[in-house]
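For the sequence shown, the numbering used here gives the first residue as 17, with consecutive numbering after it.
So the structure is just underneath, and the comments pick up after that.
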Amino acid sequence: MENCIFCKIINGDIPSERVYEDENMVIIKDVNPQAAIHLLLLPKEHYADIEEMTYAQAHTLAECVKKLSEMTKQLGLENGFRLVSNKGKHGCQSVGHLHIHILGGEQLGDRMG
Ligand code: 5GP
Ligand code: ZN
17 MENCIFCKII NGDIPSERVY EDENMVIIKD VNPQAAIHLL LLPKEHYADI EEMTYAQAHT
77 LAECVKKLSE MTKQLGLENG FRLVSNKGKH GCQSVGHLHI HILGGEQLGD RMG
């Protein structure tokens, strides 16, 4: 997708610190971390959010999350983590390519909103 920052990161046009890549996703370090560890899981296919997501894309995303669950130790998340996906204005989504924030590496606050 033209003019999508995350598509450009995925195809290498914009540099990023990649911590993992496979055929379905890239996991990068967030450029503006909001926790000791702040990663972004980016599906390689472009779609804006879960409302735009097809069932096939949902299936792939579930596989990505399962894969993530197998990598927590190597990512430094063995003591727990939080997954967040912002959607739309009230959710403060700023990039229109679905992504899951992965936050951890320290004790997080108990409020989410
Ligand atoms: P959102 O606000 O849409 O939920 O999350 C977008 C996230 O992307 C933000 O946490 C922001 O710091 C991150 N971000 C925006 N541009 C870049 C970039 O060029 N590189 C990286 N690594 N992260 C970015
Ligand atoms: Zn995109």
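Glycine included, every Cβ here is placed at the ideal spot set by N, Cα and C.
Given a cut-off of 9 Å, decide if residue j and residue i are closer than it, judged by their beta-carbon atoms.
| i | j | result |
| --- | --- | --- |
| H115 | P59 | yes |
| N113 | Y63 | Looking at the sequence itself, residue 113 is His, so the reference to Asn does not match. For H113 and Y63, yes; Cβs fall inside 9 Å. |
| S110 | I66 | no |
| K45 | L56 | yes |
| G96 | G120 | yes |
| I53 | L93 | yes |
For my contact list, residue i and residue j are in at a C-beta cut-off of 8 Å; report their separation, rounded to the angstrom.
| i | j | result |
| --- | --- | --- |
| V47 | I26 | Incorrect: roughly 15 Å between the Cβ atoms, too far for contact. |
| R98 | L77 | Not a contact, Cβ separation roughly 17 Å. |
| E122 | A51 | 6 Å |
For residue i, which residues from the same chain have a beta carbon less than 7 Å from its beta carbon, with the 5 sequence-adjacent residues on both sides left out?
| i | result |
| --- | --- |
| N14 | Nothing can be reported for residue 14, as the shown portion of the chain is limited to 17 through 129. |
| M87 | Y36 |
Length-filtered (3 minimum) beta strand (DSSP E) runs lying within the stretch 37-119: 41-45, 53-59 and 97-100
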